[in-house]
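A.B. asks:
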Amino acid sequence: MLPWVLCAALAMFIFVLCVRLHLIHRSLREIDARLAEILAGDTNVLIDLSSGDQQLRSFAASLNRQLRLLRKRQNCFLSGDRELKEAIANISHDLRTPLTAICGYLDLLEREEQSEAARRYLSIIAGRADAMRELTEELLRYTVAASAGEPLEVAPLSLNDVLEEAVAESYAALCSRSIAPEICMPDAPVVRALNRAALLRVFENLLSNAARHSDGDLEIRLAQDGSVCFSNAASGLDELQVGRLFDRFYTVETARGSTGLGLSIARVLTERMGGRIDAGYAGGRLTIRLQFPA
């Protein structure tokens, strides 16, 4: 009789243990689903368990404390980032007026009689004023590109056509660096739903980057899968520098006239259109890849 009682008790214990494990697994799946939902969306909802297990509820409470802290830090970051963009935009606007006046007076001075030294000094001042004006315009473009409040208007367009237009507009700048781009693209149009102005800006910034860093060549390849590859020899770069090319205000010493914002703008616009962009360096060649999925 006793062995049967022990077997029954053991069976009951195993059954209770299995039920408990099942409830624990269900609660963990519930926590996982709720956590993924909270992190994926902008919501103030916290994890609320249906289970009465004290240890699991304590675990959920600990996660909720960390979520509150994460949300607080995220709000501080978003607020600071928004204030920074507004400050940059305001500073850029404020700089425009005096810069326009400076450039105007420089044009007037160039018409006056000057000594050789005065001409040299005016040329230096004009170059610095042009650099400041370019930086001001790039700052404005960056703040506009990085402002995700208004979604970009998209429409079906041919990557082939926009790429050809960008190369045509940048051809003079490339020729001034003795760069003759080699372009390879399919005969059939590669159509994607994108913003034409934003895509043109991305291509132009990548071509401008090639003009600064290329040793004299440039290969551009458009594939039917929506990928675009810009590749050129760049002996003045290394892997560490290439890894920072998309950082705001990062400039390479060999980059002539760079503001450090062109590739940052390209990345922001590419991502806002649902694409991906990355850079690699191997065998002395810089390769920047764009991908626009169908």
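The sequence shown begins at 166 in our numbering and counts up by one.
C-beta: ideal position from N, C-alpha, C; glycine also.
1. Within 6 Å: the Cβ of Cys-394 and any heavy atom of the ligand SAH?
2. Using the Cβ count rule (16 or more neighbours within 10 Å means buried), how would you classify Ile-348?
3. Using 8 Å as the Cβ pair cut-off and three pairs as the minimum, do the region 225-232 and the region 252-264 touch?
4. Quick check on Arg-454: does DSSP put it in helix, strand or coil?
5. Looking at Gln-389 and Pro-351, is the spacing between their C-beta atoms short of 7 Å?
6. Under the assumption that Asn-397 contacts Leu-451 (Cβ atoms under 8 Å), give the Cβ distance between them as a whole number of angstroms.
7. Can you confirm whether the region 314-333 touches the region 280-294 when touching is taken to mean that 3 or more C-beta pairs between the two stretches lie within less than 8 Å?
8. Going by DSSP, what residue range makes up the alpha helix (DSSP H) through Ile-442?
9. Leaving aside the five residues before and after Val-184 along the sequence, list all residues of the same chain whose C-beta is less than 8 Å from its C-beta, in chain order.
10. Counting Cβ pairs closer than 8 Å, one from the region 328-335 and one from the region 283-299, do we hit at least three?
11. Return helix, strand or coil for Gly-269, following the three-state DSSP convention.
12. Return helix, strand or coil for Ala-283, following the three-state DSSP convention.
13. Does Ala-362 pass the burial test, meaning 16 or more other C-beta atoms within 10 Å, or should it be called exposed?
14. Assuming Arg-437 and Cys-394 are in contact, meaning their beta carbons sit under 8 Å apart, how far apart are those beta carbons, in whole angstroms?
15. Give the DSSP-derived three-state secondary structure of Gln-219 in the structure shown.
16. Could you check what DSSP says for Asn-240 in three-state terms: helix, strand or coil?
17. When the Cα atoms are used, what is the spatial distance from Cys-172 to Ile-212?
18. Does DSSP classify Asn-397 as helix, strand or coil?
19. With which residues is Ala-358 paired in a DSSP beta bridge?
20. Taking the alpha-carbon positions, what's the Thr-262 to Pro-354 distance?
21. Quick one, which of Asn-374, Ala-320, Ala-337 has its alpha-carbon nearest Val-356's?
22. Excluding the 5 residues flanking Ala-420 on each side, which residues of the same chain have their C-beta closer than 7 Å to its C-beta?
23. Suppose the cutoff is 7 Å on Cβ atoms and the five residues either side in sequence are ignored; what does the same chain contact list for Gln-456 look like?
24. Measure the beta-carbon distance from Leu-410 to Leu-428 and round it to whole angstroms, keeping in mind my assumption that it falls under 8 Å.
25. Between which two residues does the beta strand (DSSP E) carrying Arg-276 extend?
26. Find out if the Cβ-Cβ distance for the pair Ser-335, Leu-372 is shorter than 7 Å.
27. Helix, strand or coil for Thr-409, going by three-state DSSP, please let me know.
28. Are the beta-carbon atoms of Leu-287 and Leu-274 separated by less than 7 Å?
C.D. replies: So, to answer that:
1. The ligand SAH is absent from the structure shown, which contains no ligands of any kind.
2. The residue you call residue 348 lines up with position 183 of the sequence shown. Result: exposed.
3. no
4. Numbered from 1 along the sequence shown, position 289 holds the residue referred to as residue 454. In this structure, Arg-454 counts as strand in the three-state DSSP scheme.
5. Locating residue 351 in the sequence shown gives position 186, counting from the first residue. Locating residue 389 in the sequence shown gives position 224, counting from the first residue. The answer is yes: Cβ separation under 7 Å.
6. Translated into the one-based positions of the sequence shown, residue 397 becomes position 232. Translated into the one-based positions of the sequence shown, residue 451 becomes position 286. Yes, they are in contact, since the Cβ atoms of Asn-397 and Leu-451 sit about 6 Å apart, within 8 Å.
7. no
8. The residue you call residue 442 lines up with position 277 of the sequence shown. Not the alpha helix (DSSP H): Ile-442 falls in the beta strand (DSSP E), residues 441-447.
9. On the sequence shown, residue 184 is found 19 positions in, with the first residue counted as 1. Correct list: empty, nothing qualifies.
10. no
11. Residue 269 sits at position 104 when you count from the first residue of the sequence shown. Helix, per DSSP.
12. Looking up residue 283 in the sequence shown gives position 118. Helix, per DSSP.
13. Looking up residue 362 in the sequence shown gives position 197. Ala-362 is exposed by the Cβ-count criterion.
14. In the sequence shown, the residue the question calls residue 437 occupies position 272. In the sequence shown, the residue the question calls residue 394 occupies position 229. 21 Å between Cβ atoms; not a contact.
15. Here residue 219 refers to the residue found at position 54 when the sequence shown is read from its first residue. Gln-219 falls in the helix class under three-state DSSP.
16. Locating residue 240 in the sequence shown gives position 75, counting from the first residue. Helix, per DSSP.
17. Translated into positions along the sequence shown, residue 172 becomes position 7. Translated into positions along the sequence shown, residue 212 becomes position 47. Cys-172 and Ile-212: Cα-Cα distance of roughly 40 Å.
18. As a position in the sequence shown, residue 397 is number 232, starting the count at 1. Three-state result, Asn-397: strand.
19. Within the sequence shown, residue 358 is the residue found at index 193, counting from 1. Looking at the DSSP assignment, Ala-358 forms a beta bridge with Pro-321.
20. Taking the first residue of the sequence shown as position 1, residue 262 is located at position 97. Taking the first residue of the sequence shown as position 1, residue 354 is located at position 189. Looking at the two C-alpha atoms, the distance is approximately 44 Å.
21. In the sequence shown, the residue the question calls residue 356 occupies position 191. Nearest option by C-alpha distance: Ala-320.
22. Walking along the sequence shown from the start, residue 420 turns up at place 255. Per-residue confidence for Ala-420 stands at a pLDDT of 49, beneath the threshold of 50, marking its modelled position as unreliable; no derived number is given.
23. Translated into the one-based positions of the sequence shown, residue 456 becomes position 291. Closer than 7 Å at the Cβ level, and outside the excluded window around Gln-456, lie Gly-391, Ser-392, Gly-440, Arg-441.
24. The residue given as residue 410 occupies position 245 in the sequence shown. The residue given as residue 428 occupies position 263 in the sequence shown. Between Leu-428 and Leu-410 the Cβ distance is about 5 Å, and since that is below 8 Å, they are a contact.
25. By one-based count along the sequence shown, residue 276 stands at place 111. That residue, Arg-276, is in no beta strand (DSSP E); it is neither H nor E in DSSP.
26. Start at 1 with the first residue of the sequence shown, and residue 335 comes out as number 170. Start at 1 with the first residue of the sequence shown, and residue 372 comes out as number 207. Yes, the Cβ-Cβ distance between Ser-335 and Leu-372 is below 7 Å.
27. In the sequence shown, counting from the first residue as 1, residue 409 sits at position 244. The residue asked about is misnamed: residue 409 is Arg in this sequence, not Thr. Reduced to three states, the DSSP call for Arg-409 is coil.
28. The count along the sequence shown starts at 1 and reaches residue 287 at position 122. The count along the sequence shown starts at 1 and reaches residue 274 at position 109. It is a contact, given that the beta carbons lie within the stated cut-off.
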